[in-house]
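Using full-length UniProt numbering, read the sequence shown as starting at 1 and increasing by one per residue. Just so it is clear, CB atoms sit at the ideal spot from N, CA and C, and this is done for glycine as well.
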Amino acid sequence: MSTQTTGIEIVGSIKPGYEEILTTEAVNFIEELERKFGPRRKELLQLRQIRQEEINQGKLPDFLPETEYIRNGDWTIAQLPDDLRDRRVEITGPTDRKMIINALNSGAKVFMADCEDATSPTWENIVEGQINLRDAVNRTISFENPNGKKYVLNEKTAVLLVRPRGLHLEEKHLLLDGKPISGSFFDFGMYFFHNAKNLIARGTGPYFYLPKLESHLEARLWNDVFVYSQEKLGIPQGTIKATVLIETILAAFEMHEILYELREHSAGLNCGRWDYIFSYLKKFRNHENVILPDRSQVTMTVPFMRSYSLLTIQTCHRRKAPAIGGMAAQIPVKNDPKANEEAFAKVRADKEREARDGHDGTWVAHPALVPVALEIFNREMPDANQIETKKLEDLTVSAGDLLEVPEGTITENGVRMNINVGIQYVASWLGGRGAAPIHNLMEDAATAEISRAQLWQWLRHPKGILDDGRKATVEMYEQIKKEELEKIKQEIGAENFVNGRFDEAVELFDKLILEDEFADFLTLPGYEIL
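Structure representation (structure tokens):
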């Protein structure tokens with residue numbers, strides 16, 4: 001079905017209720033964003049390719065000499081609104097109705113509703129996500145499961161932030177002049193257009209998380225989008241607030257500059273740890289001395305990750321901005337008290353480190369972990385945040401510290417885990433579920449990205465040698481993949497395996513690992529077959 005609205009053609013189906021989101025006025029607004037900012041988005045994506053080529057040729061990232069005046073300047077971001085001052089625990093998840101209700105009721109200070117890595121961007125997920133967000137803002141959202149259990153919002157709920165898709169992703173169900181529009185502009189624009197005034201009337205505001213930024217020029221684009229959007233809707237400048245995820249290695253070198261570009265709209269930075277590891281791998285995949293050990297060994301305490309998290313805190317606090325810690329992906333382990341306690345102990349250790357280092361809050365992926373993280377931040381952080389504590393004023397982090405290659409080993413178990421988790425996640429994503437519980441962790445796209453990037457590199461890198469002396473090879477990959485697929489079939493049952501999109505998942509996973517051309521994001525070829 002195709003619906004023409006001004007210059008935009010909607011090629012996705014219009015189910016009952018969709019017309020309330022895809023109104024002529026809202027679609028016109030999206031068209032304006034795309035016409036005004038679409039060409040610049042594409043130029044910035046080209047710049048990413050140029051930077052990658054420079055890195056491939058041996059030019060390592062460094063702090064930018066031309067923006068030294070910003071790093072040395074004495075400026076701060078605009079004052080935070082009251083409801084973003086205390087963000088000690090944030091919960092994240094996709095935009096389905098049940099998740100939104102449970103997350104807003106979880107006791108966390110903030111819920112980040114995710115249109116990005118925790119959402120598989122089917123047309124239904126994207127539009128219904130917007131309907132669900134609108135209903136949440138209106139406080140009319142409810143859900144009844146097949147057993148008749150009803151879910152509604154509590155009186156007191158978390159503050160809502162929305163993460164649109166990254167700048168590299170497109171929305172193929174809306175065509176402007178025959179070409180797909182930006183997924184970022186669709187997600188941001190629809191949520192902002194339908195909810196901004198209502199949010200303000202309710203004493204909060206249109207608040208966002210911005211993913212996958214690689215430079216301050218990308219932050220400048222977003223800031224210009226915000227200025228234009230506020231002007232169009234007659235909303236005071238500076239009402240939009242956005243927290244930027246520092247989840248690419250290049251952004252870590254431009255944190256002051258990113259905050260500066262967004263200073264009227266900034267709500268700080270967050271350590272997107274899993275994507276950061278993927279980005280490090282992706283950028284330096286062709287460097288002869290850069291190889292990462294098993295994913296389980298690349299923790300927040302390895303030197304390059306520690307440098308990045310401490311530099312994030314120091315940068316934010318110098319600019320009076322919050323620095324939010326990383327994700328605890330653990331979920332409760334049912335029917336195994338010992339394994340459950342081990343999982344919770346890992347979360348506690350992680351959150352204690354963050355709170356003591358100076359983070360102003362942290363992320364969890366499951367409501368059961370909210371009280372665990374809250375207890376630690378309540379104990380370690382008596383005030384609303386740690387912005388004024390000056391804990392890391394004397395810290396010095398060099399370019400070399402951010403790039404230091406971690407030590408460790410590659411094991412057969414690491415190869416197996418990457419294949420098993422990677423394929424299971426891709427099958428889930430192709431099946432329309434972007435947040436997938438796998439081996440007692442809530443996985444999103446970032447995990448699968450690390451899995452396939454490590455396998456791609458281990459097969460090609462001269463140092464891709466296992467701890468038992470064997471070289472990682474295509475034959476090893478094929479043999480272990482066969483064994484792991486059999487394991488998955490045993491775990492989930494033959495019927496679920498047949499009904500799942502495992503054949504397509506394996507085909508895509510193979511393509512990502514066996515083709516010499518490294519795909520920037522698995523979600524790009526994935527979206528073509530979604």
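Could you give the residue range of the beta strand (DSSP E) that holds residue 163? For residue 163, the enclosing beta strand (DSSP E) has its first and last residue at 159-163.
Tell me the DSSP bridge mates of residue 437? Its beta-bridge partners are 442.
In whole angstroms, give me the CA-to-CA distance for residue 174 and residue 25. 15 Å
Is it buried or exposed for residue 513, if we count other Cβ within 10 angstroms and need 16 for buried? buried
Using beta-carbon positions only, say whether residue 135 and residue 141 come within less than 7 Å of one another. Their beta carbons are under 7 Å apart, which means residue 135 touches residue 141 by this criterion.
From residue 436 to residue 13, what distance separates their C-alpha atoms? 26 Å
In whole angstroms, give me the CA-to-CA distance for residue 176 and residue 35. Roughly 9 Å separates the two Cα atoms.
Taking buried to mean at least 16 other C-beta atoms within 10 Å of its own C-beta, is residue 1 buried or exposed? Model confidence at residue 1 stands at a pLDDT of 48, short of 50, so the residue's coordinates are unreliable; what they give is reported in the following sentence. Exposed, because fewer than 16 other Cβ atoms sit within 10 Å of the Cβ of residue 1.
Start and end residues, beta strand (DSSP E) containing residue 337: Where residue 337 is concerned, there is no enclosing beta strand (DSSP E), although the alpha helix (DSSP H) it sits in stretches over 337-357.
Helix, strand or coil, according to DSSP, for residue 395 in the structure here? The answer is coil: DSSP assigns residue 395 none of H, G, I, E or B.
Close beta carbons around residue 240, own chain, < 6 Å, minus the five adjacent residues each side: 206, 226, 265
With a CB to CB cut of under 8 Å and the five nearest residues on each side skipped, what residues in its chain are close to residue 462? 288
Pop quiz: residue 293 and residue 408 are said to be a contact at Cβ under 8 Å. What is the actual Cβ separation, rounded to whole angstroms? 3 Å
Would you mind stating whether residue 88 and residue 497 have Cβ atoms separated by less than 7 Å? no
How should residue 439 be labelled, buried or exposed, when 16 other C-beta atoms within 10 angstroms of its C-beta is the threshold for buried? exposed
Given that a residue counts as buried once 16 or more other Cβ atoms are within 10 Å of its Cβ, and exposed if not, what is residue 451? buried
Assigned secondary structure, residue 243 (DSSP; H/G/I helix, E/B strand, else coil): strand
Between the Cα of residue 401 and those of 301, 129, 348, spot the shortest distance and give me the residue it belongs to. 301
Quick test of your reading: residue 366 and residue 324, contact by CB under 8 Å. State the CB separation rounded to the nearest angstrom. Not quite, the Cβ-Cβ distance comes to about 17 Å (not below 8 Å), so this is no contact.
Quick check: the Cα distance between residue 504 and residue 441, rounded to an integer number of angstroms? 23 Å
Rounding to the nearest angstrom, what Cα-Cα distance links residue 453 and residue 198 in this structure? 42 Å
Is the distance from the Cβ of residue 322 to the Cβ of residue 223 below 7 Å? In this structure, the beta-carbon distance from residue 322 to residue 223 does not fall below 7 Å.
Which of the three DSSP states, helix, strand or coil, is assigned to residue 172? strand
My understanding is that residue 508 touches residue 426, with C-beta atoms under 8 Å, so please give their C-beta distance in whole angstroms. At roughly 6 Å, the Cβ-Cβ gap stays under 8 Å, so residue 508 and residue 426 are in contact.
Residue(s) in a DSSP beta bridge with residue 536: Beyond the ends of the chain as shown, which are 1 and 530, falls residue 536; an answer cannot be given.
What does the alpha-carbon distance come out to for the pair residue 358 and residue 262? 22 Å
Considering only the alpha carbon of each residue, which of 460, 360, 526, 129 lies closest to residue 431? 526
Measure the C-alpha to C-alpha separation of residue 290 and residue 281 and round it to an integer number of angstroms. 8 Å
Could you compute how far the alpha carbon of residue 159 sits from the alpha carbon of residue 501? 36 Å
Please tell me whether residue 410 and residue 455 are closer than 7 Å, where the distance is taken between their beta carbons. no
How would you write the range of the beta strand (DSSP E) that residue 221 sits in, first residue to last? Per DSSP, residue 221 belongs to no beta strand (DSSP E); it is in the alpha helix (DSSP H), 216-233.
What do you reckon, are the CB atoms on residue 193 and residue 29 nearer than 7 Å? Result yes, Cβ atoms of residue 193 and residue 29 sit closer than 7 Å.
Range of the contiguous beta strand (DSSP E) that encloses residue 324: According to the DSSP assignment, residue 324 belongs to the beta strand (DSSP E) that extends over 323-328.
Can you tell me whether residue 129 is helix, strand or coil according to DSSP? helix
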